[in-house]
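What follows is a short report on a single structure.
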Amino acid sequence: MRWRAGQVRRLLKHTQEALAAWWKPVKREVVSFLADWISWIYLIYGGFSLHYMMTSPTLIWRPEEKFVLPALAPWGWFLVLWGTAELALVLRSFFWSLGNRALGVVLTAKDGSKPSFRQRLVYFLASHLALLPLGVGVLFRPQAPVHAELAGLRLSSVSQLASVPRRRWYFRMFGLTGLALLGMTIALGTTVTGLDLGRMIRDFRKPERMWRGLTHPDFTYFFRADPGIGQSVAGGLVESLFMALLATVFGTLIAFPLSFLGARNVTAKGLLGTAVYFITRMFFNVFRSVESIFWAAIFAIWVGFGSFAGSIALLIHTIAALGKLYSEQVEHVDPGPLEAVRATGANWVQMIRYAVVPQVIPPFLAFTLYRWDINLRMATVIALVGGGGIGRLFFWYKDDLQWQFVGAVVLGFAAVVWVLDYVSGWVREKIT
Amino acid sequence: MPHLVINNVTKIYERGRVRALHEVTFQVEKGEFLVLIGLSGSGKSTLLRCINRLVEPTSGRIYLDGTEITALSQRGLRRIRRRIGMVFQQFNLVRRSTVLANVLAGRLGYSPTGTSLLGWFSRRDLKLAEQCLERVGLLDKMHVRADQLSGGQQQRVGIARALMQEPQLLLADEPVSALDPATSHSVMKYIEQINREDGVTVVASLHFLSLARRYGTRIIALRGGEMVFDGPPQDIDNAKFKEIYGEEAEEVEVR
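So the protein lines, in turn, are chains A and B. According to numbering that gives the first Met the number 0, the first sequence is numbered sequentially starting from 0. According to numbering that gives the first Met the number 0, the second sequence is numbered sequentially starting from 0.
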């Protein structure tokens with residue numbers, strides 16, 4: 000039998016629909032349970048870590064030291080994971096569940112009434128059968144998970160219930176659980192990063208030389224090249240500006256045509272169109288998730304240290320980031336003009352040019368200007384791995400403790416960024 | 000040979016398994032002003048879009064002057080679409096572009112891709128655009144952005160865009176339902192004029208029976224995707240009206 004495109008498309012569509020129908024109930028049970036479980040793991044292991052960092056006789060946590068995850072014996076891990084799972088199951092069977100709350104569902108009997116204690120007990124015990132062995136009791140028949148069937152209960156959406164069974168406050172302590180999660184985050188955050196306001200106030204004189212240098216900038220080498228580096232501050236600024244500009248201009252030129260291939264509403268309906276769409280989107284996502292500084296490190300070795308490596312690094316990230324933003328914008332255009340232009344007998348390219356492009360020009364321009372801004376900032380940072388530009392001067396003077404020159408660099412850079420911000424803001428206002 | 004032939008056209012939307020059209024069959028002669036009526040969701044828009052294949056019919060055949068539209072390749076389809084103008088309920092103009100750019104877009108099917116990408120049109124096309132805008136009384140708005148115009152003016156730009164195609168058939172999908180009654184008539188009169196003076200066949204869907212009676216030379220009524228009436232406007236009596244629009248409906252007059 001020969002496969003026709005229509006059959007394949009229909010098969011794909013059926014698969015997609017079946018997956019969606021399967022995923023919705025699975026999400027209710029599995030994601031909700033995982034949310035509960037993970038929050039309890041976080042609270043309990045977090046509490047343990049806090050205790051360890053504060054009191055360990057062998058290692059009193061000090062901010063100068065690197066944070067290391069507190070080690071547990073293998074049985075300790077087992078205990079934490081299992082114990083928290085049990086805790087989560089008890090709480091979601093008899094008391095409250097943050098996961099259910101977040102998904103907008105509540106545990107009720109089949110008819111939507113309040114479950115009895117016996118039903119809750121069965122639900123709790125049967126959950127061990129269904130959820131703990133990797134959720135097998137749910138994955139195979141998500142519409143009627145084993146534990147819910149045995150107990151005669153189900154998770155019903157709050158929005159579809161005539162009346163939500165209301166229980167006493169100690170059965171539903173969502174607020175307190177949420178507060179505990181927030182408190183744990185703050186406690187762990189301050190301890191791990193060694194946040195210490197007292198020290199900040201106590202040691203305010205330490206960077207005194209630096210403050211003095213920054214407030215008394217030395218502009219000797221602003222326009223004249225510093226013989227030590229062979230470049231002036233202004234030269235570095237121009238270099239960085241053009242690195243950012245080059246990356247932005249080429250990035251825009253490449254991302255612009257690609258973005259139409261990554262927008263579902265203008266790619267063809269068939270298999271080929273879908274493939275093109277997915278490949279383009281995947282390209283954007285993969286290259287966007289790798290930061291420019293990583294590319295700069297690679298290209299510094301590949302093509303040598305300097306602004307060439309930096310520009311290419313910025314360019315790659317710019318194409319991916321702009322491409323994604325552009326495609327999303329294309330997907331949000333008014334479909335009416337597309338239909339109208341298609342109806343006149345125009346081809347795909349003409350439709351893009353006359354129905355899509357006029358609609359997306361202002362947002363595209365805004366994104367591009369914004370990207371130039373980002374690229375200029377990134378251009379300074381990537382000097383750390385050999386990207387060249389103004390950042391190179393900053394790191395040079397900083398390592399040399401020549402704070403008066405660092406001051407000149409920082410002020411020069413701030414002035415450029417300020418002007419750029421002002422201009423791009425003005426342009427963006429004009430075009431919308 | 001009839002101008003437009005609709006033969007057993009059925010459309011089933013796969014998503015939701017909705018049957019929008021069921022074995023619709025009729026023929027249209029050159030120069031007719033055919034009005035499609037029916038409730039929202041009765042299949043009027045789908046039928047119109049099947050004619051120029053903005054919507055692919057599930058089965059059935061459609062012929063224009065003996066050419067089977069439903070059997071055409073993409074290339075052939077683009078060629079035949081040039082001869083079919085279309086006017087939309089929401090005007091479907093590019094709001095940020097000028098009136099002229101919107102009108103010229105009607106000429107894209109005839110223009111080579113390369114030059115049209117640069118925004119170049121032949122002198123003849125520009126001349127034609129002026130003539131079309133003059134016909135709908137908007138010559139002075141040529142360089143105004145489309146979103147600066149009122150609803151009625153925007154729809155007239157839509158008509159000018161369709162005129163640019165020098166069409167033999169004009170499809171109008173609820174051309175006046177986004178407009179107020181007074182403006183409705185002025186827009187309908189332009190469509191009527193195109194029908195009378197240029198001999199362009201018009202197939203229009205309309206919400207109000209009074210408008211259909213006033214402008215149509217023939218009416219086809221759809222209900223649940225099936226044809227329930229085909230005949231001259233004066234044949235729709237009260238009983239027919241109830242059959243088309245349901246027992247509860249009352250006729251509303253648009254003056």
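In this text, a Cβ means the ideal position worked out from N, Cα and C, and glycines have one as well. Computed from a predicted structure; not experimentally measured.
Run through DSSP, which three-state label would residue i get?
i, result
"residue 276 of chain A", "helix"
"residue 103 of chain A", "coil"
"residue 268 of chain A", "coil"
"residue 172 of chain A", "coil"
"residue 109 of chain A", "coil"
"residue 161 of chain A", "coil"
"residue 167 of chain B", "coil"
"residue 41 of chain B", "coil"
"residue 207 of chain B", "coil"
"residue 225 of chain B", "strand"
"residue 235 of chain B", "coil"
"residue 183 of chain A", "helix"
"residue 172 of chain B", "strand"
"residue 3 of chain B", "strand"
"residue 7 of chain A", "helix"
"residue 248 of chain B", "coil"
"residue 84 of chain A", "helix"
May I ask you to list the residues that DSSP assigns as paired with residue i?
i, result
"residue 8 of chain B", "B:23"
"residue 66 of chain B", "B:63"
"residue 57 of chain B", "Partner(s): none; residue 57 of chain B has no beta bridge."
"residue 97 of chain B", "B:144"
"residue 378 of chain A", "None; residue 378 of chain A has no bridge partner."
"residue 32 of chain B", "B:201"
"residue 217 of chain B", "B:33"
"residue 85 of chain B", "B:170"
"residue 230 of chain A", "A:225"
Would you please state the rounded distance, in angstroms, between the beta carbons of residue i and residue j? I believe it to be under 8 Å.
i, j, result
"residue 201 of chain B", "residue 169 of chain B", "5 Å"
"residue 35 of chain B", "residue 204 of chain B", "4 Å"
"residue 349 of chain A", "residue 115 of chain B", "6 Å"
"residue 106 of chain B", "residue 163 of chain B", "5 Å"
"residue 38 of chain A", "residue 244 of chain A", "About 47 Å separates the two Cβ atoms, so there is no contact after all."
"residue 308 of chain A", "residue 298 of chain A", "4 Å"
"residue 319 of chain A", "residue 283 of chain A", "5 Å"
"residue 119 of chain A", "residue 93 of chain A", "5 Å"
"residue 286 of chain A", "residue 311 of chain A", "That pair is no contact at about 12 Å."
"residue 106 of chain A", "residue 152 of chain A", "6 Å"
"residue 235 of chain A", "residue 391 of chain A", "7 Å"
"residue 93 of chain B", "residue 159 of chain B", "So it is not a contact: roughly 14 Å between Cβ atoms."
Does residue i pass the burial test, meaning 16 or more other C-beta atoms within 10 Å, or should it be called exposed?
i, result
"residue 66 of chain B", "exposed"
"residue 377 of chain A", "buried"
"residue 180 of chain B", "exposed"
"residue 81 of chain B", "buried"
"residue 122 of chain B", "exposed"
"residue 247 of chain A", "buried"
"residue 89 of chain B", "buried"
"residue 396 of chain A", "buried"
"residue 124 of chain B", "buried"
"residue 398 of chain A", "exposed"
"residue 41 of chain B", "buried"
"residue 356 of chain A", "buried"
"residue 328 of chain A", "buried"
"residue 104 of chain A", "buried"
"residue 236 of chain B", "exposed"
"residue 129 of chain A", "buried"
"residue 167 of chain B", "buried"
"residue 0 of chain A", "Low confidence applies here, because residue 0 of chain A scores a pLDDT of 49, under 50, leaving its location unreliable; read the following figure in that light. Its Cβ having fewer than 16 others within 10 Å, residue 0 of chain A is exposed."
Following a CB-centred definition, is residue i positioned closer than 6 Å to any heavy atom of the ligand NAP?
i, result
"residue 413 of chain A", "With respect to the ligand NAP, the structure shown offers nothing to examine, as it has no ligands at all."
Worksheet item: Is the region 210 to 228 of chain A touching the region 353 to 363 of chain A, taking contact as three or more C-beta pairs under 8 Å?
Response: no
Worksheet item: Hey, is the region 134 to 144 of chain B in contact with the region 385 to 392 of chain A, meaning 3+ C-beta pairs nearer than 8 Å?
Response: no
Worksheet item: So does the region 85 to 105 of chain A actually touch the region 27 to 35 of chain A, counting three or more Cβ pairs closer than 8 Å?
Response: yes
Discussion item. Taking contact to mean 3 or more Cβ pairs, one atom from each stretch, closer than 8 Å, check whether the region 246 to 262 of chain A and the region 320 to 332 of chain A are in contact.
Written reply: yes
Fill in: the region 326 to 345 of chain A touching the region 68 to 80 of chain B, judged by at least three CB pairs closer than 8 Å
yes
Practice prompt. Pair every Cβ in the region 3 to 17 of chain B with every Cβ in the region 266 to 283 of chain A, then say whether three or more of these pairs are closer than 8 Å.
Written response: no
Fill in: Stretch pair the region 41 to 52 of chain B + the region 222 to 229 of chain B: three plus CB contacts closer than 8 Å
yes
Item to complete: Count the C-beta pairs between the region 399 to 410 of chain A and the region 215 to 226 of chain A that are closer than 8 Å, then say yes if the count reaches three, no if not.
Response: yes
Worksheet item: Taking three-plus beta-carbon pairs below 8 Å as touching, is the region 13 to 28 of chain A in contact with the region 139 to 150 of chain A?
Response: yes
Worksheet item: Counting Cβ pairs, one atom from each stretch, are 3 or more of them under 8 Å apart for the region 151 to 161 of chain A and the region 105 to 114 of chain A?
Response: yes
Practice prompt. Specify whether the region 176 to 192 of chain A and the region 38 to 47 of chain A touch according to this definition: at least 3 beta carbon pairs, one from each stretch, less than 8 Å apart.
Written response: yes
Worksheet item: Do the region 80 to 88 of chain A and the region 221 to 241 of chain A meet, that is, are 3 or more Cβ pairs less than 8 Å apart?
Response: no
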